[in-house]
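Reading through the structure tokens given below for one structure.
Residue numbers (my numbering): 219 to 634.
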């Protein structure tokens, strides 16, 4: 019997964004393994539990354990020789107490995960010879599995996205821990070429273990975004967490300037998502009202509801002006419905969007930059139709999850 242990952040218990990443993989997993156990590391306060096929079971041990502890308790790990060895390797990189305790927290989590998986192996609940271990994130669980490789022959791989890949996205990333993990892991799959290049530069010794695997996305409805005869309205659409990294207040100011420039056009901006930036956006909308600019904060919606919007309601442009970004699934979904997208030239975004299928802005975009690029499409319907078609072709050729996930699961399911 071929089994899979699949480690996630919160899926399938809750969460708003992870289901859209993982659900396209579930059906392919179902066909590739006889038994699948999902171990979410955390619980989220939002989203709904995802229903899964019978073959899947959920082990909530990790997410039911409160691993938060005070700094004094974390210091006990300094009595472990291997921790001192790692700390010695990082002595020049750890600059302050916040980085020091971030380092210890990572180890604390990994040791708990290691102990639990070890117990399952000892009790015979996991057959290491017939089990593939797969983490959706390059997180603490990968270090735990790497440590277990000194005792067991384990086949484990992981994906890598954004916060789990780029050092600047976390308080501290131990290169010593990551190098040790890479020495034991079968393969790491960054979801973008930019991520692939980043990892290969950081850890050149392990280049042969690093390969790009695009997540891609499903196209739930077999239709395209409907056209509109209303040439006096431009509709922009964002599907994202309301988080500072998405720079939604900046996006508001830029689109407000677009509305001021095109005085005879009504500019609409629809936002799907929830997060800490909501109140800031609400204040901005009230205090900086522009007569021909309407913003709709639509809250969180399921992935299926978002796809229904793409298939039923006209959208002229997707827009995502992130400060940093992996390879955005929401952008891929918009392309699948022939919706061109406006993005910043950061992270994995330029792999998905270029001037042939959308608008690529500088990392620090300005209102004038967007206005200049929008003008040629507003005045040329044929050119706009061309980039809409190119948007779909980009998705079909590179980011169709029905193709990508099948190939990925073939690689994953081969036991080494």
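In this text, a Cβ means the ideal position worked out from N, Cα and C, and glycines have one as well.
All values derive from a computational prediction rather than experimental measurement.
Residue i - DSSP class collapsed to helix/strand/coil
i	result
residue 487	strand
residue 311	coil
residue 279	helix
residue 239	helix
residue 538	strand
residue 390	coil
residue 274	strand
residue 249	helix
residue 615	helix
residue 229	coil
residue 285	coil
residue 533	coil
residue 475	helix
residue 480	coil
residue 262	coil
residue 326	helix
Limits of the alpha helix (DSSP H) - the one that residue i falls within
i	result
residue 504	496-505
residue 513	Note, residue 513: premise wrong, no alpha helix (DSSP H); beta strand (DSSP E) at 511-515.
residue 601	599-612
residue 595	585-596
residue 529	521-530
residue 623	619-630
Beta carbon of residue i nearer than 8 Å to that of residue j
i	j	result
residue 543	residue 565	yes
residue 538	residue 546	yes
residue 470	residue 515	no
residue 548	residue 458	yes
residue 443	residue 556	yes
residue 261	residue 238	no
residue 221	residue 252	yes
residue 224	residue 259	no
residue 455	residue 485	no
residue 272	residue 324	no
residue 412	residue 582	no
residue 407	residue 431	yes
Chain-order list of residues whose beta-carbon lies under 8 Å from that of residue i (same chain, five-residue window excluded)
i	result
residue 579	539, 560, 561, 562, 563, 587, 588, 591
residue 381	387, 388
N- and C-terminal bounds of the beta strand (DSSP E) containing residue i
i	result
residue 254	253-258
residue 221	221-226
residue 407	405-408
Sequence-distant residues of the same chain with beta carbon closer than 6 Å to residue i, five excluded per side
i	result
residue 392	308, 321
residue 612	553, 575
residue 496	460
residue 572	578
residue 315	none
Cutoff 7 Å; reference residue i; Cβ partners in own chain excluding five residues on either side
i	result
residue 630	350, 352, 375
residue 270	230, 244
Residue i Cβ short of 7 Å to the ligand SAH heavy atom set
i	result
residue 474	With respect to small molecules bound, the structure shown includes none, and the ligand SAH cannot be examined in it.
Give, in chain order, every unbroken run of the alpha helix (DSSP H) that is at least 4 residues long and sits entirely within the stretch 540-582. 547-554, 567-570
4 or more residues per run - each alpha helix (DSSP H) lying fully within the stretch 411-464: 411-420
Whole alpha helix (DSSP H) elements within the stretch 348-388, 4-residue minimum: 358-366
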